[in-house]
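Asks: Handing you this structure, nothing more for now.
Chains as they are written, first to last, in my numbering: chain A, 8 to 143; chain B, 8 to 143; chain C, 8 to 143; chain D, 8 to 143.
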C-alpha cells in the first residue's frame, strides 16, 4: 500500500466569514487522515495509545494553500507516510477536490511514553505499518 | 458580588460562511465566562481541578439566540451563579454588545471525582464561591 | 421517513483534557445530523442556501448530557424534525453509543432571506421535507 | 516598532485528551496575534476588510512544536512582519511561556479583492504598517 485515500465533506461550522474553509481546519483534516491511515492498517490510534502506552506527538506542521474549499464540497486526502529514522516519521498530504489540488501538507512525528512523556523508539507494531505505508 | 462581567472580542476563526459567529462558539464563550468567574474569586479552574481533585461536569446547556455577533465585535458576558442543592449548581449568562442582548444562556453542573468519575458533593471551597456569587 | 440516523466517529481534536468529547462539539454534531437529514431528502443545505436564497438560522439550542464519548468511539444520531408553524421548525436529536443514550438535544430554527436577513415563511420545498420527516 | 507582543490564556476547550493544547489551535493563536498586530497599528482587520475591500489570504503555514501548553497557562506571542515584495508579506511568531519557547511559526500572505477574489498589490495603508513593523 503506497498511499491511503480518505474522503470527507466540508461541514458548515468549518467555514469562516470569507465563505471558505478556515485554514486552521486543514491540520484537523490531516489528523483525521492519519487516523484513517492507521485504521486501514488495522491499528486505530486509540488502540495504539492504549496497547503501546504511547502518545504520538506532532513536532512539525507545514501547509501550502493553493485553492479553497467551500461548504458542501467533497474532498479527498491522499496520505503517504515516511519512516525517517528509528525515532521520527512523517506524513505527506494532498487535499484534492476532484482533480484540483486544494493544498498540500507535511507533518513530522515521534512517540512518547504516555506516563513519563519521554521520547521512545517507534514501537515495532507501528514501525511495521510505516514500513508498509512508505512510498516505494 | 452579584455578577461578574467578562469582556471579549470576536476572533475571525469563530465566524462562519453566514458572516457571523457560529452558534457553537457561545458554549465556549460561556466556558470562558465561568473560568473568569472562578478566577475573579481567586480560585481559577485549573487550581479547582488540581487542589480539590475534581472535574466540573456540564449536565445541561441552553442557548437562546436573539441577535448575532460579527468579526471585530466587542461583547461582554454577564454571569450569575446559582446554588441549586448540595450537588448541583447553575450559571446564567447574558451576552451583550453595548446594550443589545445577543443571546442568553444557562448551564447546569455537578462535580465528579477526577479518578473515580463519581458524583461528589460540591466541595466547601467551591460552595463558598457559589454562595457569594449567587443572585441575592 | 420518521427519523434519519447519522453515523460518526469521534475525532481526536474533539476531545478535551478531561479525556472526553468537549461539550461544545455536540451542537456541531447536531449541525452535521441536520445536514445529513437534508441530504437524505435530496436537498443538501448548500443547495437550500443557493436555490432558495435563504439561510437557516438557529434560534434555540438545548443539550442534556448523560454520558460521555471518548476518542475512537463510534456513535449515531437519531434526528427527527417538527414543523411548528409556517415560520418555525425544530429538530430533536438522540446521540447513541450502541444502545446507550449519550445525550439528547433540541434546536429551533427559522429561515431568513440571505440578502435582507429578514424572516421568511418556510419555503415550500423545505416545508415538504419537514412534513415528510416529522414524527407521525 | 520591531515586534508586537500579544498575551493570552489557554482556554479549557483548546485542550485535548493528551491534556495539552491541541496543535490545531496554534494557527488560531497566530491569527489572533496578527489581528492584535494590526490593531496596535490602529488598523484592525475588520476595517482593513471593509475600507480596502480586500481579504488577506493565508498561503503558507509552518509550525515547529517544541514544548506544550496546558489549561491555565498564560503565554505570549512575539510577532514580527516581513515585507517580501509588493504582493507578499510574512509573519514570524514565537510562542513563549515565561522564557520557554513553546513553538515557533511562520505564515505567508497576500491580498485579494473581496469581490473578484483576484490577487492585488498590497494596498499602501497596509504596506506602511508592514514597513513600520518589519525587523530592522
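Where is the CB? At the ideal position from N, CA and C, for every residue including glycine.
Taking C-beta pairs closer than 8 Å, name the residues in chain B that residue 78 of chain A reaches, listed in chain order.
Replies: Within the first chain, residue 78 of chain A is the residue found at index 71, counting from 1. Near residue 78 of chain A (Cβ distances below 8 Å), the residues of chain B are 24.
Asks: Is it buried or exposed for residue 126 of chain C, if we count other Cβ within 10 angstroms and need 16 for buried?
Replies: Taking the third chain and counting its residues from 1, one reaches residue 126 of chain C at position 119. Exposed, since its Cβ has fewer than 16 Cβ neighbours within 10 Å.
Asks: According to the neighbour-count rule (16 or more other Cβ atoms, all chains shown, within 10 Å of its Cβ), is residue 81 of chain B buried or exposed?
Replies: Taking the second chain and counting its residues from 1, the one referred to as residue 81 of chain B is at position 74. Classification for residue 81 of chain B: exposed.
Asks: Using 7 Å as the threshold, is the C-beta distance between residue 66 of chain A and residue 72 of chain D below it?
Replies: By one-based count along the first chain, residue 66 of chain A stands at place 59. By one-based count along the fourth chain, residue 72 of chain D stands at place 65. Yes, Cβ-Cβ distance for residue 66 of chain A and residue 72 of chain D is below 7 Å.
Asks: Would you report the Cα separation of residue 13 of chain A and residue 84 of chain A, rounded to the nearest angstrom?
Replies: For this step, residue 13 of chain A is matched to residue 6 along the first chain. For this step, residue 84 of chain A is matched to residue 77 along the first chain. Using only the alpha carbons, I get a separation of about 5 Å.
Asks: Can you name, in chain order, every residue of its own chain whose Cβ lies under 8 Å from the Cβ of residue 74 of chain A, other than the five neighbours on each side?
Replies: Looking up residue 74 of chain A in the first chain gives position 67. Around residue 74 of chain A: 104, 107, 108, 109, 110.
Asks: Roughly how many angstroms lie between the CA atoms of residue 129 of chain B and residue 119 of chain A, to the nearest whole one?
Replies: Translated into positions along the second chain, residue 129 of chain B becomes position 122. Translated into positions along the first chain, residue 119 of chain A becomes position 112. Straight-line Cα distance between these residues: approximately 36 Å.
Asks: Short of 8 Å in beta carbon distance, which residues of its chain neighbour residue 15 of chain B, apart from the five on each side in sequence? Order them along the chain.
Replies: Indexing the second chain from 1 puts residue 15 of chain B at position 8. Correct list, in chain order: 36, 39, 81, 82, 83, 84.
Asks: Which residues in chain A sit within 8 Å of residue 52 of chain C, going by Cβ to Cβ distance?
Replies: Within the third chain, numbered from 1, the residue matching residue 52 of chain C stands at position 45. 19, 78, 79, listed in chain order.
Asks: Do you know whose CA, among D:11, D:116, D:88, lies nearest residue 135 of chain D's CA?
Replies: The residue labelled residue 135 of chain D in the question sits at position 128 within the fourth chain. Looking at the Cα atoms, D:88 is the closest of the given residues.
Asks: With a threshold of 7 Å between beta-carbons, can residue 143 of chain B be considered close to chain D, or not?
Replies: Position 136 of the second chain, counting from 1, holds the residue named residue 143 of chain B. Note that residue 143 of chain B scores a pLDDT of 47, beneath 50, so its modelled location is shaky; the value from the coordinates is reported in the next line. It does not; no Cβ of chain D falls within 7 Å.
Asks: Within the continuous alpha helix (DSSP H) that includes residue 53 of chain B, where are the two ends?
Replies: Taking the second chain and counting its residues from 1, one reaches residue 53 of chain B at position 46. Counting along the chain, the alpha helix (DSSP H) containing residue 53 of chain B begins and ends at 52-58.
Asks: For residue 100 of chain A and residue 116 of chain A, which I take to be in contact (beta-carbon distance under 8 Å), what is that distance rounded to the nearest angstrom?
Replies: Numbered from its first residue, the first chain carries residue 100 of chain A at position 93. Numbered from its first residue, the first chain carries residue 116 of chain A at position 109. Rounded, the Cβ-Cβ distance is 13 Å, inconsistent with contact.
Asks: Given a threshold of 16 other Cβ atoms within 10 Å of its Cβ, counted over all protein chains shown, does residue 21 of chain A qualify as buried or as exposed?
Replies: Here residue 21 of chain A refers to the residue found at position 14 when the first chain is read from its first residue. Residue 21 of chain A is buried by the Cβ-count criterion.
Asks: Can you give, in chain order, each stretch of the alpha helix (DSSP H) that sits fully within the stretch 33-89 of chain B and has at least 4 residues?
Replies: With a minimum length of 4 residues, the continuous alpha helix (DSSP H) runs that stay inside the stretch 33-89 of chain B are 33-47, 52-58.
Asks: Quick one: list the residues of chain B neighbouring residue 38 of chain D, beta-carbon separation under 9 Å, in chain order.
Replies: In the fourth chain, residue 38 of chain D corresponds to position 31, counting from 1. Ordered by position in chain B, the residues that pass the 9 Å Cβ test against residue 38 of chain D are 18, 19, 20.
Asks: Give me, in chain order, the residues of the same chain whose beta-carbon lies closer than 8 Å to that of residue 51 of chain C; leave out the 5 immediate sequence neighbours on both sides.
Replies: Here residue 51 of chain C refers to the residue found at position 44 when the third chain is read from its first residue. Counting only Cβ-Cβ distances below 8 Å, and skipping sequence neighbours, we find 42, 45.
Asks: Along the chain, where does the beta strand (DSSP E) that runs through residue 112 of chain A open and close?
Replies: In the first chain, counting from the first residue as 1, residue 112 of chain A sits at position 105. Per DSSP, residue 112 of chain A belongs to the beta strand (DSSP E) from 107-120.
Asks: Between residue 143 of chain B and residue 19 of chain B, what straight-line distance do the alpha-carbon atoms span, to the nearest angstrom?
Replies: Here the question's residue 143 of chain B lines up with position 136 in the second chain. Here the question's residue 19 of chain B lines up with position 12 in the second chain. Note that residue 143 of chain B has pLDDT 47, beneath the 50 cutoff, so the model's placement of it is unreliable and no number is given.
Asks: To the nearest angstrom, how far is the alpha carbon of residue 113 of chain C from that of residue 139 of chain A?
Replies: Start at 1 with the first residue of the third chain, and residue 113 of chain C comes out as number 106. Start at 1 with the first residue of the first chain, and residue 139 of chain A comes out as number 132. One C-alpha to the other measures close to 46 Å.
Asks: Reducing DSSP to helix, strand and coil, say where residue 13 of chain A ends up.
Replies: In the first chain, counting from the first residue as 1, residue 13 of chain A sits at position 6. Strand.
Asks: Consult DSSP for residue 125 of chain C and reduce its assignment to one of helix, strand or coil.
Replies: For the purposes of this step, residue 125 of chain C is taken as the residue at position 118 of the third chain. In this structure, residue 125 of chain C counts as coil in the three-state DSSP scheme.
Asks: Have a look at residue 24 of chain C and residue 29 of chain B and give me their C-alpha separation to the nearest angstrom.
Replies: The sequence position of residue 24 of chain C within the third chain is 17, counting from 1. The sequence position of residue 29 of chain B within the second chain is 22, counting from 1. Straight-line Cα distance between these residues: approximately 23 Å.
Asks: Is the separation between the beta-carbon of residue 121 of chain C and that of residue 63 of chain C shorter than 7 Å?
Replies: By one-based count along the third chain, residue 121 of chain C stands at place 114. By one-based count along the third chain, residue 63 of chain C stands at place 56. No, these two residues do not count as a Cβ contact at 7 Å.
Asks: To which residues does DSSP link residue 100 of chain B through a beta bridge?
Replies: Within the second chain, numbered from 1, the residue matching residue 100 of chain B stands at position 93. Looking at the DSSP assignment, residue 100 of chain B forms a beta bridge with B:86, B:112.
Asks: Using the beta-carbon of each residue, which ones in chain D are nearer than 8 Å to residue 42 of chain B?
Replies: In the second chain, the residue the question calls residue 42 of chain B occupies position 35. Chain D residues near residue 42 of chain B: 18, 19.
Asks: I'd like to check one pair, residue 53 of chain C with residue 78 of chain A: are the Cβ atoms closer than 7 Å?
Replies: Here residue 78 of chain A refers to the residue found at position 71 of the first chain. Here residue 53 of chain C refers to the residue found at position 46 of the third chain. Contact: yes.
Asks: Roughly how many angstroms separate the alpha carbons of residue 70 of chain D and residue 57 of chain D, rounded to a whole number?
Replies: Counting from 1 along the fourth chain, the entry for residue 70 of chain D is found at position 63. Counting from 1 along the fourth chain, the entry for residue 57 of chain D is found at position 50. Going by the C-alpha atoms only, they are around 30 Å apart.
Asks: If I measure Cβ to Cβ from residue 11 of chain B and keep anything under 7 Å in the same chain, skipping five residues before and after, which residues do I get?
Replies: Mapped onto the second chain, residue 11 of chain B falls at position 4. Only 43, 44, 47, 86 meet the Cβ criterion.
Asks: Using a C-beta to C-beta distance shorter than 7 Å, which residues of chain A count as neighbours of residue 128 of chain C?
Replies: Here residue 128 of chain C refers to the residue found at position 121 of the third chain. Residues of chain A passing the Cβ test: none, with the nearest at roughly 23 Å.
Asks: Quick one: Cα of residue 97 of chain D to Cα of residue 17 of chain B, how far?
Replies: For the purposes of this step, residue 97 of chain D is taken as the residue at position 90 of the fourth chain. For the purposes of this step, residue 17 of chain B is taken as the residue at position 10 of the second chain. Rounded to whole angstroms, residue 97 of chain D to residue 17 of chain B spans 23 Å at the Cα level.
Asks: Since residue 34 of chain D and residue 76 of chain D should fall inside the 8 Å C-beta cutoff, what is the C-beta to C-beta distance between them, to a whole number of angstroms?
Replies: Translated into positions along the fourth chain, residue 34 of chain D becomes position 27. Translated into positions along the fourth chain, residue 76 of chain D becomes position 69. In fact, because the Cβ distance is near 14 Å, the residues do not count as touching under 8 Å.
Asks: Tell me whether the beta-carbon of residue 31 of chain C lies closer than 7 Å to the beta-carbon of residue 123 of chain B.
Replies: Here residue 31 of chain C is taken as the residue at index 24 of the third chain, counted from 1. Here residue 123 of chain B is taken as the residue at index 116 of the second chain, counted from 1. Contact flag unset, no.
Asks: By the three-class DSSP mapping on this structure, what secondary structure does residue 139 of chain B have?
Replies: For the purposes of this step, residue 139 of chain B is identified with residue 132 of the second chain, where counting begins at 1. The answer is helix: DSSP assigns residue 139 of chain B an H, G or I state.
Asks: Within 7 Å of any Cβ in chain C, is that where the Cβ of residue 116 of chain D sits?
Replies: In the fourth chain, residue 116 of chain D corresponds to position 109, counting from 1. It does not: the Cβ of residue 116 of chain D has no partner Cβ on chain C nearer than 7 Å.
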